[in-house]
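Presented below is the structure to which this report refers.
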Amino acid sequence: MRTKASRIKLMLFDVDGVLTDGKILVHGDGTESKQFDIRDGTGIVWAQRAGLTVGILSARTSAATAQRAAQLGIGTVQQGSLSKIRSYVEILRQHDATDAQVAYMGDDLLDLPIIKRVGLSACPADAIREVRSRVDYVSRAAGGDGAARDFIEFVLKAQGRWAALVASYLDQGQTSDQIARSLGQRPKLVRGARAEKS
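Here it is as structure tokens:
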């Protein structure tokens, strides 16, 4: 499986049940809300920084999905796909990619045609049994609760990129301490809410 992961250049994710827990809050005015996990967002940012292309492929059309994709800098977004496999083939063409270079995470029957084709397939821990039994990688996390982040970490580690990512954060901390010392100040530990690292 690590050999498969080493070839990946494009990571695609379903939305409902993968990047979210599958629940949709419909408001009185007809608009809807979804909840996305901050850790998944951070992982997507890291994947893109590492040189991977990240895309979203969803059967539903949602303004919330488009907004979240824009926040994370995801340029490949296919929504409202009556045939996910057709949308997948179009994404392959746009990125001049082969099946072996694509990783996909899905959770339901609509995702099976893509799961059968891609070089590396994955699903959240709470995906349906028919999907769990057919993918290469079953995340320890549920959809909308860090499953995408877990899968991204697996790919980055398999490609030997994870250690460099960790080192980049350690180097940032060291640089901050050096700056503080050069100013005659004591280094400070900054605490704050989790956010996508930019």
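Numbering (this note's numbering), first residue to last: 27 to 224.
Quick reminder that beta carbons are idealized off the backbone N, C-alpha and C, glycines included.
First and last residue of the alpha helix (DSSP H) that includes glycine 69?
-> Start and end: 64 to 75.
* To do: Give, in chain order, every unbroken run of the alpha helix (DSSP H) that is at least 4 residues long and sits entirely within the region 96 to 136.
  => You should have 110 to 121.
- Query: Roughly how many angstroms separate the alpha carbons of threonine 102 and isoleucine 82, rounded to a whole number?
  - Reply: 6 Å
Notebook entry, point to check: Straight-line CA distance for isoleucine 50 to isoleucine 178?
Noted result: 25 Å
Can you find the residues in the same chain that come closer than 8 Å, C-beta to C-beta, to glutamate 156, ignoring five residues on each side of it along the sequence?
Leu135 and Leu138
Review point. Going along the chain, which residues of its own chain have a beta-carbon closer than 6 Å to the beta-carbon of valine 128, five neighbours each way excluded?
Key: Leu36, Val144 and Gly145
- Message: Within a Cβ cutoff of 7 Å, which residues of the same chain sit near alanine 123, ignoring the five residues on either side of it in sequence?
- Response: Lys35 and Leu36
* Asked: Would you report the Cα separation of alanine 89 and leucine 38, rounded to the nearest angstrom?
  -> If you take the alpha carbons of alanine 89 and leucine 38, they lie about 19 Å apart.
Of the choices Gly170, Lys142, Ile141 and Ile140, whose alpha-carbon is the least far from that of alanine 151? Gly170
Next item on the list: Mark aspartate 63 as exposed unless 16 or more other C-beta atoms lie within 10 angstroms of its C-beta, in which case mark it buried.
Entry: buried
Is the separation between the beta-carbon of valine 161 and that of alanine 174 shorter than 7 Å?
no
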